[in-house]
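Beneath this line is the structure, given in structure tokens, with notes to follow.
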Amino acid sequence: MRLIHSNTASSLVVSSSLVLSALANFHVARDSTDFNWASLASSTTLSWTPCYDAFQCARFTVPLQYSNLSAGEAQIALVMSPSEFKPGDENYLGPILFNPGGPGGSGVQYVLEFAEYFRAVIGPKYDLVGFDPRAVGQTTPPLSVFESPAEALEFYGDFPLNSNESVSSLGLFYTKSKILSNLVLDKAKVIAESVSTAAVATDMLGITRAFGFDKLSYWGISYGSVIGATYAAMFPENINHLLIDGVLNSHDWYAGNLFSSLQDTDKALASIYEACHEVGPTLCAIYENTTDLISARVNKIINDVHILPVPVYNNTDPSSITFGSVDYSVLISELFQMVYSPYALAPIAAEGLVQLEQGISGSITFQGTIIQAMVDPLATCDFNNSQPFVAGLLDTSNAIQCGDVLVNQTMSFPEVQKVYDQNVQTSLFAPQAYNIDIGLCTTWPTTITAKDRFNGSFTTNTSSPILLIGNTFDPITPITGARNMSAGFVGSVLLQQNSTGHTSLSGFSTCTALAIHAYFANGTLPAPGTVCQPDTTIFQNPANSSAQGAGVNITIPNTRRSELGVYTLREAVDVVARSNFLVKSSVLGRMMRRAF
């Protein structure tokens, strides 16, 4: 669910030529902070200004609280990659809105980085529109509880990424969560009450109507599936095409039952071990004679690193010595990333595990190796205090997640210990998932609840049928969630992609891409029960793949056409699947690994 979209070199794979070569075609490194959003006047109509080369930007005014219009206003940041066709042309189909999940993911950043991919899959007839949900990214007002980066770093610096790092980790998590909750209560209560999923869903209808359309077209992944499902439940008659991928069970989201999201996590990990065993030692560095032996080898590395972190030291350049250590938290984070996006990361993660294994035995010196990329760089604190500082981490995501929950989740620490102990064996990654997702609302103030909160039914007949996509082994949104949600939406279809990873975009399947293209082109749904196969295996080099593309070419209609040329759908999917955009990196890890 919580996806972090970072361009830093903190991941073990960012330095790999494999990923960088894949990004060259479709991933464009644009930073949403490079544009002066404050220079744009916000209004209830859409006034577009050129930005980021071929894009257009706008700010859209909405009520801060739909249930209390006197509470003030919010200004939603929007970025658009325009259609080839203009409004009024019979080929123009209006806007498609995108959300990358989170909660707290920036739709502006998402579209800035991957408009070329979306265009290749969807075609030229839509405006591609990314928006930052309330309190996210460039949308105002922000949810700000820290006075400076230094203050935020002081708070998050010792925040445990895993509740089993030490005997006090769960208690420290609880204490830190309580402090953060009180900061939100004292410094940002009104904003925190105004960022609900239902409010965002209502914003989407307003944005769609500002384009002159009454029915939404939408593509949301991960937590974005909750936004999409909530919209469908609230506005069933206002749907043109609605696609949700990596589908979270929205019933569980609103009930605060997120341990259910981990039911396939270890199955996903096991499928990676199986893929390793199938390809052999040439392609998988951590290979053993059986999958059980691979699992045992990895578990031993984890246990050894938990006891004795591995030193990393690179003095190749005496003027810039790199040093640090890979400890249990870093290793678990990297493995979680691998399970999120195994087609991109598993081969390199396997090599990194072998290097850690060698480091544990003290047999090598770490200079310029894969695991060096795991080391956290020192943070710097450049800060212009003319603007409020927004960490954009657990403060924002807590407000969204905890404000949505319909039941009181506040617990004493003994109660937290009991629930944690009952569920920690759900997955190897449960201790991390608890600290960055599942346990966040146990200290949330009961006096902060969303003013526009959804409390309705997910059983409805929508004006156009919904397309849901789920992977066979999704580590954080199991396919049972998609089945559950599809059962309530009359006429909807679930497409299963027979791959491992978080959302279908973590793998590459021409079959899936063609289904998405057909759905947005004319509403065509795949046949019920459709299963799309990925084009390669996890440890297979796509360059050597015998799989053939579908032969469907889509010209990318923007100013970068001369550079990008014409790409097949399969190439488009391949690029995003092998990019680092969809990689899981913990919320806190992102903050501590990047310079402010």
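Numbers -24 to -1, 1 to 572, taken from mature numbering (1 follows the signal peptide of the UniProt record, and there is no 0), label the letters of the sequence shown in order.
From the three backbone atoms N, C-alpha and C, an ideal C-beta is built for every residue, glycine too.
Put simply, of Ile492, Phe496, Gly483 the residue whose alpha carbon is nearest the alpha carbon of Thr512 is Gly483.
For Thr435, same chain residues with a beta-carbon under 6 Å away, outside a window of 5 residues either side, are Gly464 in chain order. If you draw a straight line from the Cα of Ser19 to the Cα of Ala177, it comes to about 19 Å.
As for any alpha helix (DSSP H) of minimum length 4 sitting wholly inside the region 164 to 201, the runs are 165 to 168, 173 to 186, ordered along the chain. Ala14 and Ala272 have their C-alpha atoms some 54 Å from each other. In this chain, the alpha helix (DSSP H) harbouring Cys378 covers 370 to 380.
Assignment of Val330 by DSSP, reduced to helix, strand and coil, places it in the helix class. At a Cβ-Cβ threshold of 8 Å, Thr25 and Cys33 count as neighbours. Judged by DSSP in its simplified three-state form, Gln473 adopts strand.
In the pairwise beta carbon analysis, the region 242 to 259 is classified as not touching the region 389 to 398: fewer than three pairs are separated by under 8 Å. Within the DSSP bridge table, the entry for Ser19 names Phe36 as partners. Look at the beta carbons and you see the region 473 to 480 not touching the region 273 to 292: under three pairs across the two are nearer than 8 Å. Phe11 and Lys101 have their C-alpha atoms spaced approximately 26 Å apart. For Phe36, the closest C-alpha among the options Met56, Thr173, Asp29 is that of Met56. The three-state reading of DSSP puts Pro407 in helix, counting H, G and I together. In this structure, DSSP gives Gly99 a state outside helix and strand, which the three-state scheme calls coil. Secondary structure note for Phe74: its beta strand (DSSP E) is the uninterrupted segment 70 to 75. Pairing Ser153 with Thr418 gives a Cβ-Cβ distance under 8 Å.
Assignment of Leu137 by DSSP, reduced to helix, strand and coil, places it in the coil class.
Within the same chain, Asn75, Ile203, Gly204, Ile220 come within 6 Å of Gly196 by CB-CB distance, once the 5 residues on both sides are set aside. Secondary structure note for Ser301: its beta strand (DSSP E) is the uninterrupted segment 298 to 302. Apart from sequence neighbours up to five positions away, the residues of its chain that approach Asp428 with a beta-carbon distance below 8 Å are Gln41, Tyr42, Ser43, Ser170, Ser172, Ala174, Ala175, Thr178, ordered along the chain. Going by C-alpha positions, Asn158 is about 28 Å away from Thr206. Per the C-alpha coordinates, the member of Ala96, Leu129, Ile167, Pro118 positioned closest to Ile424 is Ile167. When DSSP states are grouped into helix, strand and coil, Thr488 belongs to the helix group.
Annotation: Ser23 to Pro451 spans about 41 Å, alpha carbon to alpha carbon.
Under DSSP, Glu49 forms a beta bridge with Pro39. Taking the Cα of Ile455 as reference, the smallest distance to any Cα among Pro441, Leu471, Gly467 is reached at Leu471. Per the coordinates, the alpha-carbon of Leu146 lies some 48 Å from the alpha-carbon of Phe187. Taking C-beta atoms as the reference points, Val381 and Tyr230 count as a pair closer than 8 Å. When the Cα atoms are used, Thr488 and Pro63 turn out to be separated by approximately 29 Å. Shortest Cα-Cα distance from Met210 to any of Ser468, Val507, Asp134, Asn431 involves Asn431. Here DSSP, grouped into helix, strand and coil, assigns Pro323 to helix. For Leu219, the uninterrupted beta strand (DSSP E) run begins and ends at 215 to 221, by DSSP. Less than 8 Å separates the beta-carbon of Ser59 from that of Asp103. Within a 10 Å sphere around the beta-carbon of Phe107 sit 16 or more other beta-carbons, which makes this residue buried.
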